[in-house]
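Engineer:
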Amino acid sequence: MSGLDAHQLSLNTATVRPQWTLAQCIDGAARHGFGGISPWRDKLHEMGTDPAAKAIRDAGLRVSGLCRGGMFTADGPLSTEVMDDNRRAVDEAATIGADCLVMVVGGLQPASRDLPAAWETVEEGLARTLDHARGAGVKVAIEPLHPMYAADRACVNTMGHALDICDRLGEGIGVAVDVYHVWWDPNLSRQIERAGRDRLMAFHLCDWLVPTRDLLTDRGMMGDGVIDLPGLRRQVEAHGFDGLNEVEIFSAENWWKRDADEVLATVVERGRTAC
C-alpha cells in the first residue's frame with residue numbers, strides 16, 4: 001500500500017496552533033501542497049468566518065471539517081447558550097463549506113456522577129443540532145474520544161456507541177475516526193465496516209507515543225508511535241472513505257515548539273512514509 005501524497009492530506013490547525021494564525025495556516029497548507037484544511041473555531045473567529053471562507057476558496061483548499069461543536073453537558077441539562085453555540089457552529093461550517101462539523105460531545109454534567117444522564121443529554125443535543133444541520137446542508141460527525149476523556153470531554157468513547165446514536169438519529173450524522181482515540185478498540189474493524197461510506201465522515205491522523213507524557217498535548221507525529229496507521233487507513237478506505245486524511249497533532253513539548261514550515265514538511269514526508 002503506497003503512502004499519502006500531500007494533496008491527500010488536510011491540515012488541522014491544532015497541529016500548528018501556537019505558531020500560526022488561520023491565515024498563515026491557509027497559506028502554509030497551500031504552499032506545502034495540502035489538499036485541504038480543518039480550522040478550529042477559535043482560529044476561525046479570529047479571522048472572521050466570511051474572510052476565512054474566501055481565503056480558503058482562493059487557495060484552492062477543501063475543508064475536511066470544522067472543529068468543533070458539541071460540549072452539550074457543559075452547563076448541565078441543555079442550556080440556551082450551548083444550543084445557540086452549536087447552531088452557530090453549523091452555520092459556520094456551512095459558510096466555509098466544511099465536509100462535516102466535528103462533535104466533541106461533552107462529559108459528565110457539572111458535579112455529577114450520572115453517566116447515563118450525560119449520554120441522554122448528549123443524544124438530545126445532537127438531535128436538536130441535527131435538525132438545524134439538515135436544513136443548512138451540513139453533516140454532523142460524532143468524534144468518539146478515548147475513555148480517559150469520558151468525565152470531562154466526551155462520554156461517547158467507542159465507535160460502537162457513536163454508531164448506535166447515529167442509528168437512532170438517522171440521516172446526516174456519522175463519525176469522525178481519530179486514530180488517537182480509537183486505535184485500541186478490539187471492535188474497531190467491525191465498527192468501521194458498520195459505518196460504511198455514508199457515515200465515515202472524517203479520518204484523523206497522528207500517533208500514540210510510548211511513553212505518553214501528557215494525555216492531551218503529547219500526541220506523536222505519524223510514524224513515531226505504535227498505531228498501525230496504514231492498516232487503519234486501509235480499513236476506512238475499504239469501507240468507502242474517500243475524503244482527505246486530516247493531520248491533528250497536539251504537541252506542547254515538541255511540534256508546537258518547532259518552526260511551522262518544518263512541521264508541515266515533516267507531515268508531508270510522514271504521510272508518504274508512515275501512512
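Residue numbering for the sequence shown follows full-length UniProt numbering, starting at 1 and increasing by one per position.
By construction, the Cβ of each residue, glycine as well, lies at the ideal position given by its N, Cα and C atoms.
Note that the structure is predicted; figures quoted are calculated from it, not measured.
#1: Name the two residues that bound the continuous beta strand (DSSP E) containing aspartate 91.
#2: With C-beta atoms as the reference, is glycine 97 less than 8 Å away from alanine 53?
#3: Do the segment 218–227 and the segment 193–209 meet, that is, are 3 or more Cβ pairs less than 8 Å apart?
#4: Hey, could you find the ends of the alpha helix (DSSP H) cysteine 67 is sitting in?
#5: With C-beta atoms as the reference, is phenylalanine 241 less than 8 Å away from leucine 216?
#6: Is it buried or exposed for arginine 113, if we count other Cβ within 10 angstroms and need 16 for buried?
#7: In the DSSP assignment, the alpha helix (DSSP H) including leucine 244 goes from what residue to what residue?
#8: Quick one: give me the first and last residue of the alpha helix (DSSP H) that leucine 130 is part of.
#9: What are the start and end residues of the beta strand (DSSP E) that includes histidine 204?
#10: Select from Arg272, Thr121, Ser189 and Asn12 the residue whose C-alpha is nearest the C-alpha of valine 82.
#11: Rounded to a whole number of angstroms, what is the C-alpha to C-alpha distance between alanine 176 and histidine 132?
#12: Taking leucine 9 as the reference, give the member of Thr212, Gly106 and Ala202 with the closest Cα.
#13: In angstroms with no decimal places, state the Cα-to-Cα distance between glycine 28 and valine 247.
#14: Can you tell me which of Asp50, Arg270, Arg62 and Glu123 puts its alpha carbon nearest to the alpha carbon of glycine 225?
Structural biologist: According to the data block:
#1: Where aspartate 91 is concerned, there is no enclosing beta strand (DSSP E), although the alpha helix (DSSP H) it sits in stretches over 80–96.
#2: yes
#3: yes
#4: Counting along the chain, cysteine 67 falls outside any alpha helix (DSSP H), though it belongs to the beta strand (DSSP E) covering 66–70.
#5: no
#6: That one is exposed.
#7: Counted as a single uninterrupted DSSP element, the stretch harbouring leucine 244 is not any alpha helix (DSSP H), since DSSP gives it neither H nor E.
#8: 115–136
#9: 200–205
#10: Thr121
#11: 19 Å
#12: Ala202
#13: 14 Å
#14: Arg270
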